[in-house]
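Under this note's numbering, think of the first position of the first sequence as 66, with each following residue one higher.
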Amino acid sequence: MPEPTTPVPSDAIPYRYDARLANELETKWQDYWEEHRTFWTPNPAGSLSDGFEQAAGRPKLYVLDMFPYPSGAGLHVGHPLGYIGTDVFARFHRMTGSNVLHTMGYDAFGLPAEQYALQTGEHPRVTTEQNVATMRRQLRALGLGHDPRRGVATTDVAYYRWTQWIFLQIFNAWYDELADRARPIVELVAEFDAGARQPVGVANPDRIAWGDLDPRARRQVVNSYRLAYREEALVNWCPALGTVLANEEVTTEGRSERGDHPVFKRPLEQWKLRITKYADRLLGDLDLLEWPEPIKIMQRNWIGRSPGATIRFPVESRDGGEIEGFTTRPDTLFGATYLVLAPEHPLVDQIVPAQWPSAPPGDDGSAVPPSWPGVFGAGVAPPEAIARYRAFVGARTELERQAEGREKTGVFTGAFAANPATGGFIPIFVADYVLMGYGTGAIMAVPGEDQRDWDFATEFDLPIVRTVEPPSDFDGDAYAGDGPAINSGFLDGLLVDEAKARMIGWLEERGAGTGTVTYKLRDWLFSRQRYWGEPFPIVYGDDGLPVALPESMLPVELPELDDFEPQVVDDDAADTPPEPPLARAEQWVNVDLDLGDGVRPYRRETNTMPQWAGSCWYYLRYLDPTNENRLVDPVVERYWMEGAAGGGVDLYVGGVEHAVLHLLYARFWHKILFDLGYVSTREPFHRLYNQGYIQAFAYRDARGFYVEASEVETRDDGLVFQGEPVTREYGKMGKSLRNVVTPDDVYRDYGADTLRLYEMFMGPLDASRPWSTTDIVGVHRFLARVWRNIVDEDTGAVHVEDVAADPETRRILHRTIAEVRDDMEHLKFNTAIARLFELNNRLTQVVAETGASPREVAEPLALMLGPLTPHVAEELWARLGHSESIAYVAFPEPDPAELRQETIEIVVQVNGKARARIKVPSDASAATLEAAARAEPHVAALLADATVRKVVPVPGRLVNFVIG
RNA sequence: GCGAGCGUGGCGGAACGGCAGACGCGCCGGGUUUAGGUCCCGGUGCCCUUCGGGGUGUGGGGGUUCGAAUCCCCCCGCUCGCACCA
């Protein structure tokens, strides 16, 4: 990349729009906005309602940026792209009469903050506050029109008090399947007490009546219904980070997304949130949203709804029992030649016999093939073989599983089950290609119709029965397509959909199975062994059961702790037990509380919430940040959130990287709050827009090392750094690639308005593109030209006259206004800016000819720049003689009369090729068009010796002659 | 492997199925200037041209259409998401 072309300071010209002048007036207007509370946005009620009378009649608009994390490294020019976009949009809408809410807070809890604090040796609160201050300074310098009163941080005690409060609501709620919504847990207990409902579920497997349960059992039953619950689960334990991670924080290679350390599966008691209960609503309500289709598709895939059936297979063994398997293809049951259980499946131990059977049950004369016991051989008895296989699976990391590809491993359990369709006995295997976390953790294997089962069957000499007739030219293994059923008794001849329905009916009649729906979505693992997060408002009594603290005991503040480091151990130390840092704050952990039955000792929960928690609801707190009595005042909430289909924030801008996690978690919390009556809309974010990324070129020298990108020069013989040739790459901005450009650099060289304008001009907001320092001068020159067209560079006097613009200039002005309005509305800032360039180029000519700008052009130009480059726009507006801020001045409106054109130029094509242009009245008829076109000399010549086969006149556009 | 998206000058990018390349950068030429920079004017897809114009051109190939960067099919390349989900 060539040197940044730093403009030479033009000291000789005192009022030239250069970096010095820009910086001066930018600081001035930022101070002005702060002092005059320009962007304080009134609420309809509560402590922030001053001035609402003026806004009451206007439409409201809630514009939101994704919650930023205040990084210790500060901002680079890629970060604010979306913030500038929302600011332009918000400012435009203020000028078109909306009451606009736009602010920004900080997602300041979480692993990065804690790790940064570890690096610097300072307390996370200190470093976090420094980072927030740095980011606030950098963002203030951008001139963003945020309401500063609403910029909450998740680490504020006054904020996380409400995060904890929401957790209490989740803990104190259960999902009523019949009503299809969450309800307060007290209502469930009331129904149990009244005998209106019988407790079922994992905590009450024997279905003991409520009245016969002891108090402790009752609490366990109730806990098993809660939307927040504790469960021993296989979690992603990352010793190097000293924490467990959510599935989403683990890469497909089985390493931590942060730091790339190995991750191991370990059973651990964890908090989970029952997001799976909302799977169907999270899926269905996507239809209400104005979101990019790819994002909706990603959410649908993540939720992964699969309709199918659970089928019960009676086990042929000493104590009987059944295995429930889930399948999406119940139509293939006749081809199920074996079952597979996940290695952790709880039934495995119950069905495994002491010795290998010599033959399947029944007496069809077949024998058990020698390959079934698996790699351990027939000399190893079934229980031992299972144990060894489990050890083998447990020892493998995700990475190893990945490396070994799709090769199937497994072991025969020694047990058999009956296929309810055929009545025959089929062997039961254990294999790790079946996942405990999905469906029932058990499958019926149909090798003829499923490639995975085919691979396994081939490996273990299992029979393969096709149940769908493949096309005659099919030469693959398993056939997964549609076709008539074969070898399937009463299903024969039916196509797949019909066969599925018939089989489900058949199973349900016999009580052998039911139609069910399964989801890929798992419950949300909600606890972390970290210091820098929200403490849970939960304590444990001596019975070890969790107790929710009453609302009056909130907030539960993080204790001061010198040693806040997680227990970090070696990368590969999979066996060390995790110890949360908070467990070491003994005085904090052990408390005596009166929770209703006298003062008793309790232990606090020592896990903290994941970073996602705070970002699940910040958009609600922005609405009413100072409210001490409620999460958000319902009047305020309704005012800002209600809107089109499903309601929600009017425009939400952020990166695609949050396509599933943040957006799904936030929707989930919002729906809980909706069910419990705390918010009025079904969805949090009505319209979502994904901004692109600004990346940058990076350069390596001959040794392969990155060199400072800003010092690379372009010469005729190629790219060089200090005289040595370098090669170019393209990637993220970052210290490691040595290609960072900071906003501060650009402010210094050109000013914030130039940075804003360049970022908006360089391409459409949703596209990613490379930063180009050389290109910035173009927009800077534009601003300087606008300035010069209005202000005398030598004297600072305004040279604008109250004279009429010439007709052509006036037409250009009004066309520009119309197009800029339209582009702004559709977030097409790059083309809006191009139109302003054209208008200003015209104005430059006028000034060159007449020595002054007509006021009727200068004022709208300044106003149209208001959203894009607010500082220079304010300054010009003030110099044009206005005393009020430009922020709420009405955006120019086009004069329809000026948009109408008397004559238009249309194209004449011959065989689709443009050959001439003719001027015709704008309302010319097809016949007039054709006549005028034929009269054009060039066209006439082309048509002279040709046969015109067809004429296509399109009034207002063109005429096409087809000749042959 | 499955799903989604994207390929337009030297570069960033414009273009309701209707003049491809708006606007900007860069580059070339001219003016202003002692000079450089700034600033102003003109030119700039590629090839040919008798300077009138002609040919060609939106990753490649085919199709629909009077007309395709745009719609459809196949292929190539790149990016992103998911990845043994039964």
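We put the CB at the ideal spot given by N, CA and C, even for glycine.
Predicted model, so just to flag it, every value in this text is computed and none were measured.
DSSP bridge partner residues for residue i (one or two, in chain order)
| i | result |
| --- | --- |
| N269 | Paired residue(s): none; N269 is not in a bridge. |
| S918 | V865 |
| I360 | DSSP lists no partner for I360. |
| A482 | V380 and I491 |
| P249 | A238 |
| D130 | V718 |
| P961 | P961 pairs with nothing; no bridge assigned. |
| G427 | None; G427 has no bridge partner. |
| L404 | I493 and M509 |
Candidates the options: closest to residue i by CA position
| i | options | result |
| --- | --- | --- |
| I969 | S745, L1023 and A1009 | L1023 |
| G170 | R159, R214 and H141 | R214 |
| P699 | A566, G742 and L904 | G742 |
| V458 | A496, A849 and H101 | A496 |
| V856 | E776, E940 and N655 | E940 |
| P872 | E967, N854 and R853 | E967 |
| L928 | R853, L945 and V912 | L945 |
| I362 | L728, K736, A998 and P935 | L728 |
| L146 | V973, K978, E866 and W836 | W836 |
| L878 | D152, E958 and D607 | E958 |
| R850 | Q415, S918 and T838 | S918 |
| Q184 | S114, G137, H167 and D172 | G137 |
| L348 | P961, R732 and N484 | R732 |
| D221 | W597, R453, K978 and E534 | W597 |
| A374 | V530, A566, L560 and G430 | A566 |
Residue i - containing alpha helix (DSSP H), residue span
| i | result |
| --- | --- |
| Q516 | Q516 to E524 |
| Q335 | Not the alpha helix (DSSP H): Q335 falls in the beta strand (DSSP E), residues F329 to L338. |
| T392 | Per DSSP, T392 belongs to no alpha helix (DSSP H); it is in the beta strand (DSSP E), E387 to T392. |
| Y454 | P447 to A460 |
| L1059 | Residue 1059 is absent from the model: the chain starts at 66 and stops at 1029. |
First and last residue of the uninterrupted beta strand (DSSP E) at residue i
| i | result |
| --- | --- |
| S371 | R370 to E381 |
| M509 | A507 to A510 |
| P79 | No beta strand (DSSP E) contains P79, which DSSP labels as neither H nor E. |
| E794 | T792 to G796 |
| D241 | A238 to D241 |
| N655 | N655 to D659 |
| A996 | Not the beta strand (DSSP E): A996 falls in the alpha helix (DSSP H), residues A991 to A1000. |
| R980 | K978 to P986 |
| A298 | A293 to C303 |
| E970 | T968 to V975 |
C-alpha distance - residue i paired with residue j, whole-angstrom precision
| i | j | result |
| --- | --- | --- |
| G576 | L556 | 18 Å |
| D277 | N288 | 17 Å |
| E702 | L623 | 29 Å |
| P67 | Y764 | Its pLDDT being 33, under 50, P67 is placed unreliably by the model, and the measurement read from it follows with that caveat. The alpha-carbon atoms of P67 and Y764 are separated by roughly 12 Å. |
| V714 | K797 | 30 Å |
| P438 | S423 | 11 Å |
| T192 | Q180 | 10 Å |
| G324 | A178 | 14 Å |
| P447 | A564 | 37 Å |
| V718 | I508 | 42 Å |
| A120 | V922 | 29 Å |
| T1012 | R982 | 21 Å |
| S987 | G1021 | 6 Å |
| L10 | T168 | Look at the range of the chain in this structure, 66 to 1029, and you will see that residue 10 is not part of it. |
| L306 | A182 | 14 Å |
heavy atom of the ligand NAD below 7 Å from residue i C-beta
| i | result |
| --- | --- |
| T581 | By its list of ligands, the structure shown contains no ligand whatsoever, and the ligand NAD lies outside what it can speak to. |
How about the region 1002-1014 and the region 942-955: do they share at least three Cβ pairs that are nearer than 8 Å?
no
Does the structure place the region 542-562 close enough to the region 497-504 that three or more beta carbon pairs sit under 8 Å?
no
Would you check if the region 717-733 and the region 688-705 touch, i.e. whether three or more CB-CB distances between them fall below 8 Å?
no
Taking three-plus beta-carbon pairs below 8 Å as touching, is the region 600-610 in contact with the region 350-364?
no
Between the region 653-669 and the region 143-158, do three or more beta carbon pairs fall short of 8 Å?
no
Meets three-Cβ-pair contact criterion under 8 Å: the region 389-406 and the region 511-524
yes
How about the region 330-339 and the region 297-307: do they share at least three Cβ pairs that are nearer than 8 Å?
yes
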